[in-house]
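Following: one structure in structure tokens, then a few remarks.
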Amino acid sequence: MKTTFRSIYKLLTLLVLAGWSSASMAHAEVGVVSGLTSGLLHPIFGLDHLLAMVAVGLWGAQLGKPAIYLLPITFPAVMAMGSLLGVAGMPLPYIEFGIALSGLTLGAMIAANTRPALWIATTLVGLFAIFHGHAHGTEMPNATNPLAYGIGFVISTGLLHLAGILIGLLIRWPIGAIAIRASGAVISGFGVFFMVSSFGLAG
Amino acid sequence: MMMLRRRLILPLIVLAVPEVAHAHLVSTRFGEFYSGLLHPLTTLLHIVPWLALAIFASMQGKAFARHTLPLFPLAIGFGVLLGYNLGGYQNVLMLNIISFVVLGGLVALSRQVPGAVGLSAILLFAISHGYSNGDVDLAGGSLTLYTAGVITAAYLVIALGAGAATTLNERAAWGRIAMRALGSWILAAGLIYGGFELMGISGA
């Protein structure tokens, strides 16, 4: 009997507490948080973006100083300009092709351990950044907070570069250097797939 | 049975007890201070360039950073008073956007600038950001407390930001590279923001 009372008492207390509750305002500035989250996730959920971003970091690590920091510094700034083209609605031809080409080319560069002059590497990365930026930019005005979305995808892109650089640090070991070149080949392979997809020939 | 009745009454009494909690002093006593403190800290338009400014100050050397410590918050305070009394000039916003791009770019480039030029830039940007923070309706609240809040926020950002950046630069080999990368992110965000304003897209 005592146990039954205790159960009823607990149930009533729970009901009262449940009835007492009001709307939780834990998530302030919903627009900012939502925009930031969308921006952060956009490059991660797009495999074509993700692989190209990691490839930039990997290639930088493979090329060593100063490319290891110049490539990831160049990319976001140029990408921002590309995103503005997208926001402005300025059409960029062969955008999906350009994004696929970035994965293919950067992956091939890593696989072949190509070491071009710094300005060539920077220009190449900057060129691809325009395509990636444009793709992000076209979706930006639909975000709940466009600026937060923009900051989100810039941070996400930077963190993916960082991931590439950290993986690229394996280069100090011979087996690591081989693993990096193999990763480049895999990225390049995906680039081919994305390119075929951009022509509507895959899937 | 008596016990059950007593235990039924207790939750009902509890239900009748609750009142509005005044745990957050936004509407009482030091409310304006907290409003002033949180206004720049919760606005991307202010907090991001302020962070860039702190890193920029640390990159210019400790002596420069020490000069910035009192200069930036005081100039911010002056800007708040200016904005409160002479508010309404939306063109000041352009200076904030320029601060976003210029400070982010300077951090990304990691370039030394002449001390006078650097301090003048900080002074100018501090006044423009202060102005934007001051161009508010306090609804009869205390301007002194609000200004003190904004100044405190500016001091906290510059002191903690510059301190962290200096420590990172001195103790970690990758510190300066990380800060330059962060600068490029801020530059990119500034370009996006500037583009939005030029295209008339709201969202900042």
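These protein sequence lines map, in sequence, to chains A and B.
No gaps in the numbering here: position 193 of the first sequence is 193 in the numbering used here, and each next residue is one more.
The numbering used here runs 1000 ahead of the 1-based position in the second sequence.
All residues carry an ideal CB built from backbone N, CA and C; glycine is no exception.
What's the C-alpha gap between residue i and residue j?
{"i": "B/PRO1049", "j": "B/GLY1130", "result": "13 Å"}
{"i": "A/MET25", "j": "A/VAL33", "result": "Note on A/MET25: pLDDT 45, under 50, position unreliable in the model; no value is reported."}
{"i": "A/PHE45", "j": "B/GLY1140", "result": "48 Å"}
{"i": "A/LEU106", "j": "B/LEU1044", "result": "33 Å"}
{"i": "B/LYS1062", "j": "B/ASN1169", "result": "11 Å"}
{"i": "B/TRP1185", "j": "A/PRO174", "result": "33 Å"}
{"i": "B/ASP1137", "j": "B/ALA1016", "result": "37 Å"}
{"i": "A/LEU40", "j": "A/GLY152", "result": "4 Å"}
{"i": "A/PRO91", "j": "A/GLY137", "result": "11 Å"}
{"i": "B/LEU1198", "j": "B/PRO1011", "result": "59 Å"}
{"i": "A/LEU124", "j": "B/LEU1187", "result": "20 Å"}
{"i": "B/ARG1180", "j": "B/ALA1164", "result": "14 Å"}
{"i": "A/ALA77", "j": "B/THR1042", "result": "24 Å"}
{"i": "A/HIS49", "j": "B/PHE1064", "result": "40 Å"}
{"i": "A/PRO66", "j": "A/TRP59", "result": "12 Å"}
{"i": "B/ILE1201", "j": "A/GLY86", "result": "13 Å"}
{"i": "B/VAL1092", "j": "B/ILE1013", "result": "56 Å"}
{"i": "B/ALA1159", "j": "B/ARG1176", "result": "18 Å"}
{"i": "A/ALA99", "j": "A/GLY64", "result": "It is Ile, not Ala, that sits at residue 99 of chain A in the sequence shown. Computed Cα separation, rounded: 24 Å."}
{"i": "A/PRO93", "j": "A/SER197", "result": "16 Å"}
{"i": "A/PRO146", "j": "B/GLY1079", "result": "27 Å"}
{"i": "B/ARG1171", "j": "A/PHE199", "result": "50 Å"}
{"i": "A/THR157", "j": "A/LEU47", "result": "12 Å"}
{"i": "B/MET1094", "j": "A/PHE97", "result": "36 Å"}
Look up residue i in the DSSP assignment and say whether it is helix, strand or coil.
{"i": "B/ALA1204", "result": "Low per-residue confidence applies at B/ALA1204: pLDDT is 48, beneath 50, and the placement is therefore not dependable enough to give any value."}
{"i": "A/GLY46", "result": "coil"}
{"i": "B/PRO1049", "result": "helix"}
{"i": "A/LEU92", "result": "coil"}
{"i": "A/PRO116", "result": "coil"}
{"i": "B/TYR1089", "result": "coil"}
{"i": "A/LEU159", "result": "helix"}
{"i": "B/LEU1138", "result": "coil"}
{"i": "B/PHE1030", "result": "coil"}
{"i": "B/PRO1114", "result": "coil"}
{"i": "A/PHE5", "result": "helix"}
{"i": "A/PRO146", "result": "helix"}
{"i": "A/LEU65", "result": "According to the sequence shown, residue 65 of chain A is Lys rather than Leu. Here A/LYS65 sits in coil by DSSP."}
{"i": "B/GLY1194", "result": "helix"}
{"i": "B/ALA1121", "result": "helix"}
{"i": "B/ALA1172", "result": "coil"}
{"i": "B/TRP1206", "result": "No answer is possible for residue 1206 of chain B: the residues shown for chain B start at 1001 and end at 1204."}
{"i": "B/GLY1043", "result": "The residue asked about is misnamed: residue 1043 of chain B is Thr in this sequence, not Gly. Residue state, collapsed to three classes: coil."}
{"i": "A/PHE199", "result": "coil"}
{"i": "A/TRP59", "result": "helix"}
{"i": "B/GLY1079", "result": "helix"}
{"i": "A/GLY168", "result": "helix"}
{"i": "B/GLY1149", "result": "helix"}
{"i": "A/GLY137", "result": "helix"}
{"i": "B/GLY1130", "result": "helix"}
Which residue's Cα is closest to the Cα of residue i: the options?
{"i": "A/LEU159", "options": "A/ARG115, A/PHE75, A/HIS134 and A/ALA177", "result": "A/PHE75"}
{"i": "A/LEU118", "options": "A/VAL154, A/ILE68, A/ALA182 and A/ILE99", "result": "A/ILE68"}
{"i": "B/MET1059", "options": "B/LEU1012, B/VAL1113 and B/LEU1138", "result": "B/VAL1113"}
{"i": "B/ALA1153", "options": "B/LEU1008, B/TYR1034 and B/ARG1007", "result": "B/TYR1034"}
{"i": "A/GLY57", "options": "A/THR37, A/LEU71, A/ALA182 and A/PHE128", "result": "A/LEU71"}
{"i": "A/LEU190", "options": "A/LEU147, A/LEU92 and A/LEU104", "result": "Note that residue 190 of chain A is Phe in the sequence shown here, rather than Leu. The option with the nearest alpha carbon to A/PHE190 is A/LEU104."}
{"i": "B/ILE1122", "options": "B/ILE1177, B/SER1099 and B/ILE1201", "result": "B/SER1099"}
{"i": "A/GLY168", "options": "A/ALA108, A/SER188 and A/ALA61", "result": "A/ALA61"}
{"i": "B/GLN1090", "options": "B/SER1132, B/ILE1009, B/PHE1196 and B/THR1166", "result": "B/SER1132"}
{"i": "B/ALA1232", "options": "B/PHE1125, B/PHE1056, B/PRO1040 and B/GLY1115", "result": "For chain B, the structure presents residues 1001 to 1204; residue 1232 of chain B sits outside this window and is missing."}
{"i": "B/PRO1040", "options": "B/ILE1192, B/ILE1009, B/PRO1073 and B/PHE1056", "result": "B/PRO1073"}
{"i": "A/MET79", "options": "A/ILE180, A/ASN113, A/ARG115 and A/THR122", "result": "A/THR122"}
{"i": "B/LEU1037", "options": "B/ALA1178, B/ALA1172 and B/ILE1151", "result": "B/ILE1151"}
{"i": "B/LEU1069", "options": "B/GLY1183, B/PHE1196 and B/GLY1161", "result": "B/GLY1161"}
Assuming residue i and residue j are in contact, meaning their beta carbons sit under 8 Å apart, how far apart are those beta carbons, in whole angstroms?
{"i": "B/HIS1067", "j": "B/LEU1109", "result": "About 21 Å separates the two Cβ atoms, so there is no contact after all."}
{"i": "B/LEU1103", "j": "B/LEU1053", "result": "5 Å"}
{"i": "A/GLY133", "j": "A/SER83", "result": "4 Å"}
{"i": "A/ALA52", "j": "A/ILE110", "result": "With 8 Å as the limit, A/ALA52 and A/ILE110 do not qualify as a contact, their Cβ atoms being about 11 Å apart."}
{"i": "B/LEU1082", "j": "B/GLY1149", "result": "B/LEU1082 to B/GLY1149, Cβ: 17 Å. No contact."}
{"i": "A/LEU36", "j": "A/ALA148", "result": "4 Å"}
{"i": "B/GLY1190", "j": "B/ILE1097", "result": "7 Å"}
{"i": "B/THR1147", "j": "B/GLY1077", "result": "5 Å"}
{"i": "B/LEU1106", "j": "B/PHE1056", "result": "5 Å"}
{"i": "A/ILE180", "j": "A/LEU170", "result": "6 Å"}
{"i": "B/ILE1047", "j": "A/GLY150", "result": "Wrong, their Cβ atoms sit about 15 Å apart, outside the cutoff."}
{"i": "B/ARG1005", "j": "A/TYR9", "result": "B/ARG1005 to A/TYR9, Cβ: 11 Å. No contact."}
{"i": "A/ILE187", "j": "A/PHE131", "result": "Contact flag wrong, Cβ pair sits at about 16 Å."}
{"i": "A/PHE108", "j": "A/GLY184", "result": "Note on residue identity: the sequence assigns Ala, not Phe, to residue 108 of chain A. That pair is a contact at about 7 Å."}
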